[in-house]
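*Asks:*
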Amino acid sequence: MPAEATLERPMPQNLDAERSILGAILLDNHALNAAIENIKPEDFFLEQHRRVFNQMIALGESQQAIDLVTLTESLHRVGELEASGGAPYLAALADGMPRVSNVEHYARIVREKALLRNLIHATHNIQQRALEGED
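Numbering (this note's numbering), first residue to last: 574 to 708.
(1) Where does P661 land, buried or exposed, given buried means 16+ other C-beta within 10 angstroms?
(2) Based on Cα-Cα distance, which residue from T696, N606, E655 and A631 lies nearest to N675?
(3) Determine contact between the region 583-590 and the region 668-687, defined as no fewer than three beta-carbon pairs at a distance below 8 Å.
(4) Could you say if the region 649-664 and the region 615-628 meet the contact criterion of at least three C-beta pairs nearer than 8 Å?
(5) Kindly indicate if chain C contains any beta-carbon less than 7 Å away from that of R672.
(6) Kindly give me the distance between the Cβ atoms of I639 and I598, rounded to whole angstroms, as I take these residues to be in contact under 8 Å.
(7) Figure out for me which residue from D616, A631 and L648 has the closest Cα to the Cα of N602.
(8) Could you give the distance in angstroms between the alpha-carbon of A608 and the alpha-carbon of G596?
(9) Could you tell me how far apart the beta carbons of T643 and Q637 are, in whole angstroms, since I believe they sit closer than 8 Å?
(10) Please report how far the alpha carbon of H649 lies from the alpha carbon of K613, in whole angstroms.
(11) Identify, in the order they occur along the chain, each residue of the same chain with its Cβ nearer than 7 Å to the Cβ of G669, setting aside the five sequence neighbours on each side.
(12) What did DSSP end up calling N691 once you bin it into helix, strand or coil?
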């Protein structure tokens with residue numbers, strides 16, 4: 574067995590589900606509540622999706638509407654617009670016509686993928702500790 578195991582497969586993730594959650598929130602702000610009940614920002618695989626979701630939460634907590642204009646302005650104000658994919662990316666989030674009624678299902682998919690990634694990281698850490706203990 575090699576001293577360093579490498580992952581040849583990509584980490585579990587479903588970017589369509591992530592985009593659909595964000596797009597659904599843009600279409601209907603009530604979808605934010607359903608998403609928050611099921612996932613945390615760190616459950617998103619892409620950092621840019623984490624940034625967008627965090628900003629959506631901030632807008633919701635301050636009782637502001639969450640739409641393309643307010644989200645873009647808010648991300649720009651905190652200096653995260655480009656790191657979030659930019660205005661064209663944000664505009665494209667709702668293009669796939671995510672079903673707002675399915676946001677809980679999308680969130681479960683994202684949460685399951687995050688759990689799998691966490692398990693992979695944990696087992697990797699255990700493997701590293703075991704290998705270090707052989708010395």
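Note that beta-carbon positions come from the ideal geometry of N, C-alpha and C, so glycine has one too. All values derive from a computational prediction rather than experimental measurement.
*Replies:* So, from the data block:
(1) For the purposes of this step, residue 661 is taken as the residue at position 88 of the sequence shown. Label assigned to P661: exposed.
(2) As a working note, residue 675 is residue 102 in the sequence shown. Put simply, of T696, N606, E655 and A631 the residue whose alpha carbon is nearest the alpha carbon of N675 is N606.
(3) Counting Cβ pairs under 8 Å, three or more are found: they touch.
(4) As far as the Cβ criterion goes, the region 649-664 touches the region 615-628, which means the pair count is three or higher.
(5) The chain inventory of the structure shown lacks chain C, comprising one protein chain alone.
(6) If you number the sequence shown from 1, residue 639 lands on position 66. If you number the sequence shown from 1, residue 598 lands on position 25. That pair is a contact at about 6 Å.
(7) Walking along the sequence shown from the start, residue 602 turns up at place 29. Of all alpha-carbon atoms in D616, A631 and L648, the one lying nearest the alpha-carbon of N602 is that of A631.
(8) Within the sequence shown, the letter at position 35 stands for residue 608. Within the sequence shown, the letter at position 23 stands for residue 596. The C-alpha of A608 lies about 12 Å from the C-alpha of G596.
(9) Residue mapping note: residue 643 aligns to position 70 of the sequence shown, counting from 1. Residue mapping note: residue 637 aligns to position 64 of the sequence shown, counting from 1. About 6 Å separates the beta carbon of T643 from that of Q637, a gap short enough to meet the 8 Å contact definition.
(10) In the sequence shown, residue 649 corresponds to position 76, counting from 1. In the sequence shown, residue 613 corresponds to position 40, counting from 1. Taking the straight line from one Cα to the other gives about 22 Å.
(11) Along the sequence shown, one-based indexing puts residue 669 at 96. Same-chain partners within the cutoff: R592, S593 and G596.
(12) Residue numbering aside, residue 691 sits at position 118 when the sequence shown is read from its first letter. DSSP places N691 within a helical segment (H, G or I) once states are collapsed to three.
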